[in-house]
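Peer 1: The structure under discussion is supplied below as structure tokens; questions concerning it will follow.
Protein chains: 2
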Amino acid sequence: MNYLKERILKDGKVYPNNVLKVDSFLNHQIDPAVVNAVEKLMYEHFKDRKITKVMTIEASGIAPAIMVANRFNVPMLFAKKTVPSTLKNQERYHALVHSYTKNTDSDVIVSKQYINKDDHILIIDDFLANGEAAKGLVSIAHQAGATVAGVGIVIEKSFQPGRHLLEEMGLDVYSICRIQSLEDGKVTFVDGDE
Amino acid sequence: MNYLKERILKDGKVYPNNVLKVDSFLNHQIDPAVVNAVEKLMYEHFKDRKITKVMTIEASGIAPAIMVANRFNVPMLFAKKTVPSTLKNQERYHALVHSYTKNTDSDVIVSKQYINKDDHILIIDDFLANGEAAKGLVSIAHQAGATVAGVGIVIEKSFQPGRHLLEEMGLDVYSICRIQSLEDGKVTFVDGDE
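So the sequence lines, in the order shown, correspond to chains C and Y. Those letters in the first sequence? Residues 90 to 283, by this note's numbering. Those letters in the second sequence? Residues 90 to 283, by this note's numbering.
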């Protein structure tokens, strides 16, 4: 069992509607040991893919993404939910990202200046559930003509359709923890650990 | 001249109304060399302050903050602009942060669970201008009875009142780049570099 799974079992909290709260170590308070473990496993999996850039979406993807980018020694780029005053409409790529939790659509943007057709982009995010955020980032990479070299996820809710959706697009999805079920307040992983 | 100043002179862009755009290496695309330099200088300055936690505010503070927290080997905590569904009102500290750019007030929150009176908190942010974000983070630390061990800033607009406001509160403010002026589209640093 890897370190992330151990931390989920020790410190994660299961709430109704399949909510897994990991804000003590991943997406509010962040434990350096956790992002170090993420960085090492992501590097091990993707090291032969000629990664030129790591891409994520604000806010909780940023901490794991910068650590992974630092390990690969490539720039990290995060998609923004608000448009900076200095970035004109024709200077940006954008994608609509639907949130099932909030039932809202938000337009996320990336400056055209920072991705191009020669890039091999590693998409990193803290969670994969319905795949909406990752799909938005893939769309932005494709708008730039870039290659998506892979999608690296810290926690995947494998009972939701995100992985399937990304695999249908031909993408390599690597998740450090794959959760089979959160039923009855108990975390069960895909490989049988619980 | 430190590496950050060099990058500002090389890649920063000055816009009207004292806007300095550094989205090619600090707050949209992030260069690992930049956050590594930030981490080293922050550690050098604050290493004797018995730091127990690094605190910042989403989104662009997160990348430098996690790198600094990793160097100190302490948790990083970021204040959120939206309230998670799992965090009840009585379980969080909050502070109103005014944005002069957007002329809005936003309520930022931190879970009470992750700060306490024994903490020595290092506040990290990418920019210091009017000091509103830092002031909000100081207020949250004080609500928890914690000690603010210092405020570490990547880029300070020294012609705006943020530093003065924080120093009036007795805080040690350390900025890697202190900008004296952005007049006529030219960056001038406080120590005379330009």
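The beta carbon of each residue, even a glycine, is placed where N, CA and C say it ideally should be. Small disclaimer: the values here were computed from a predicted structure and weren't measured.
#1: Helix, strand or coil: how does DSSP classify S270(C) here?
#2: So which residues on chain Y does K169(C) lean against when the C-beta distance must stay under 7 Å?
#3: Check the Cβ of K110(Y) against every Cβ in chain C and list those closer than 7 Å, keeping chain order.
#4: Whether or not the segment 201-212 of chain C and the segment 233-244 of chain C are in contact is what I'm after, with contact meaning three or more pairs of Cβ atoms, one per stretch, closer than 8 Å; do they touch?
#5: What residues in the segment 233-245 of chain Y bring their beta carbon closer than 7 Å to a beta carbon of chain C?
#6: At the level of alpha carbons, what is the spacing between P153(Y) and K129(Y)?
#7: Over the uninterrupted alpha helix (DSSP H) stretch that includes G228(Y), give me the two end residues.
#8: List the whole-angstrom C-beta distance separating I242(Y) from V262(Y), where the pair is believed to meet the contact cut-off of C-beta under 8 Å.
#9: Going by other Cβ atoms of all chains shown within 10 Å of its Cβ, with 16 needed for buried, is E180(C) buried or exposed?
#10: I want to verify the contact list: residues of chain Y whose CB lies under 8 Å from the CB of V124(C), in sequence order.
#11: Evaluate contact between the segment 169-187 of chain C and the segment 120-138 of chain C, counting only Cβ atoms and requiring at least three cross-stretch pairs below 8 Å.
#12: Between the Cα of N54(Y) and those of N219(Y), Q202(Y), G251(Y), spot the shortest distance and give me the residue it belongs to.
#13: Can you list, in chain order, the residues of its chain whose CB lies under 8 Å from that of N33(Y), leaving out five sequence neighbours each side?
#14: Are D214(C) and T145(C) close, meaning C-beta to C-beta below 8 Å?
#15: Going by alpha carbons, who is nearest to K169(Y) out of T190(Y), I229(Y), V240(Y)?
#16: So L166(Y) and I204(Y) are supposed to be a Cβ contact under 8 Å. How far apart are they, rounded?
#17: On the premise that A148(C) lies in contact with I151(Y), defined as a C-beta separation below 8 Å, what is that separation, rounded to the nearest angstrom?
#18: Suppose contacts are defined by Cβ-Cβ distances below 8 Å. Is K246(C) in contact with L217(C) by that definition?
#19: Distance check for V103(C) and L109(C), CA to CA, integer angstroms please.
#20: Grab the span of the alpha helix (DSSP H) containing G101(Y) for me, first residue to last.
#21: With DSSP run on the structure shown, which of helix, strand or coil describes A235(Y)?
#22: Could you tell me the alpha carbon to alpha carbon distance between P250(C) and K224(C), rounded to whole angstroms?
#23: Say whether chain Y places a C-beta atom closer than 8 Å to the C-beta of I140(C).
#24: Comparing alpha-carbon positions, which option in N91(Y), N107(Y), I97(Y) lies nearest D273(Y)?
#25: So, are the CB atoms of P164(Y) and N162(C) less than 8 Å apart?
#26: Could you confirm whether any beta carbon from chain C is found closer than 8 Å to the beta carbon of P121(Y)?
#27: Going by C-alpha distance, which of R252(Y), R267(Y), C266(Y) is nearest L260(Y)?
#28: In whole angstroms, give me the CA-to-CA distance for V57(Y) and L255(C).
#29: Give a yes or no on whether the minimum CB-CB distance between M131(Y) and chain C is below 8 Å.
Peer 2: Taking the geometry as given:
#1: Against the first sequence, residue 270(C) aligns to sequence position 181. It is a strand residue.
#2: The residue labelled residue 169(C) in the question sits at position 80 within the first sequence. Residues of chain Y whose Cβ lies closer than 7 Å to the Cβ of K169(C) are, in chain order, H117.
#3: On the second sequence, position 21 is the one that residue 110(Y) refers to. Residues of chain C passing the Cβ test: T175.
#4: Put simply, the segment 233-244 of chain C touches the segment 201-212 of chain C. At least three CB pairs are less than 8 Å apart.
#5: Of all residues in the segment 233-245 of chain Y, none has a Cβ within less than 7 Å of some Cβ in chain C.
#6: Here the question's residue 153(Y) lines up with position 64 in the second sequence. Here the question's residue 129(Y) lines up with position 40 in the second sequence. Whole-angstrom Cα-Cα distance: 11 Å.
#7: By one-based count along the second sequence, residue 228(Y) stands at place 139. First, the residue type needs correcting, since residue 228(Y) is Ser and not Gly in the sequence shown. Note, S228(Y): alpha helix (DSSP H), 221-232.
#8: By 1-based counting over the second sequence, the position of residue 242(Y) is 153. By 1-based counting over the second sequence, the position of residue 262(Y) is 173. So it is a contact: roughly 7 Å between Cβ atoms.
#9: In the first sequence, counting from the first residue as 1, residue 180(C) sits at position 91. Burial call: exposed.
#10: As a first step, residue 124(C) must be located in the first sequence, where it is residue number 35. Against V124(C), the close residues of chain Y are I155, N159, in the order they occur along the chain (beta-carbon pairs closer than 8 Å).
#11: Cβ pair count under 8 Å is below three, so no.
#12: Given that chain Y is displayed from residue 90 to residue 283, the structure contains no residue 54(Y) and the question cannot be resolved.
#13: Because chain Y spans 90 through 283 in this model, residue 33(Y) falls outside it and cannot be assessed.
#14: Counted from its first residue, the first sequence places residue 214(C) at position 125. Counted from its first residue, the first sequence places residue 145(C) at position 56. Yes; because the gap between Cβ atoms is below 8 Å, this pair is in contact.
#15: Counting from one through the second sequence, the residue named residue 169(Y) turns up at place 80. It is I229(Y).
#16: Stepping through the second sequence from its first residue, residue 166(Y) is reached at position 77. Stepping through the second sequence from its first residue, residue 204(Y) is reached at position 115. The Cβ separation is near 7 Å, so the contact holds.
#17: Here residue 151(Y) is taken as the residue at index 62 of the second sequence, counted from 1. Here residue 148(C) is taken as the residue at index 59 of the first sequence, counted from 1. About 6 Å; that satisfies the 8 Å criterion.
#18: Translated into positions along the first sequence, residue 246(C) becomes position 157. Translated into positions along the first sequence, residue 217(C) becomes position 128. Note that the C-beta distance between K246(C) and L217(C) is below 8 Å.
#19: The sequence position of residue 109(C) within the first sequence is 20, counting from 1. The sequence position of residue 103(C) within the first sequence is 14, counting from 1. Taking the straight line from one Cα to the other gives about 5 Å.
#20: Mapped onto the second sequence, residue 101(Y) falls at position 12. Counting along the chain, no alpha helix (DSSP H) covers G101(Y), and no H or E run does either.
#21: One-based indexing of the second sequence puts residue 235(Y) at position 146. A235(Y) sits in coil when the DSSP states are folded into three classes, being neither helix nor strand.
#22: Counting from one through the first sequence, the residue named residue 250(C) turns up at place 161. Counting from one through the first sequence, the residue named residue 224(C) turns up at place 135. Looking at the two C-alpha atoms, the distance is approximately 12 Å.
#23: Stepping through the first sequence from its first residue, residue 140(C) is reached at position 51. No, no contact with chain Y.
#24: Translated into positions along the second sequence, residue 273(Y) becomes position 184. Answer by Cα proximity: N107(Y).
#25: Sequence index remark: in the second sequence, residue 164(Y) carries index 75 (1-based). Sequence index remark: in the first sequence, residue 162(C) carries index 73 (1-based). Going by C-beta atoms, P164(Y) is not nearer than 8 Å to N162(C).
#26: Position 32 of the second sequence, counting from 1, holds the residue named residue 121(Y). For P121(Y), the answer is yes, since a Cβ of chain C falls inside 8 Å of its Cβ.
#27: One-based indexing of the second sequence puts residue 260(Y) at position 171. With distances taken between Cα atoms, L260(Y) lies closest to R252(Y).
#28: Residue coverage of chain Y in this structure runs from 90 to 283, which leaves residue 57(Y) outside it and unanswerable.
#29: Residue 131(Y) sits at position 42 when you count from the first residue of the second sequence. For M131(Y), no CB of chain C lies under 8 Å from its own CB, so it is not counted at the interface with that chain.
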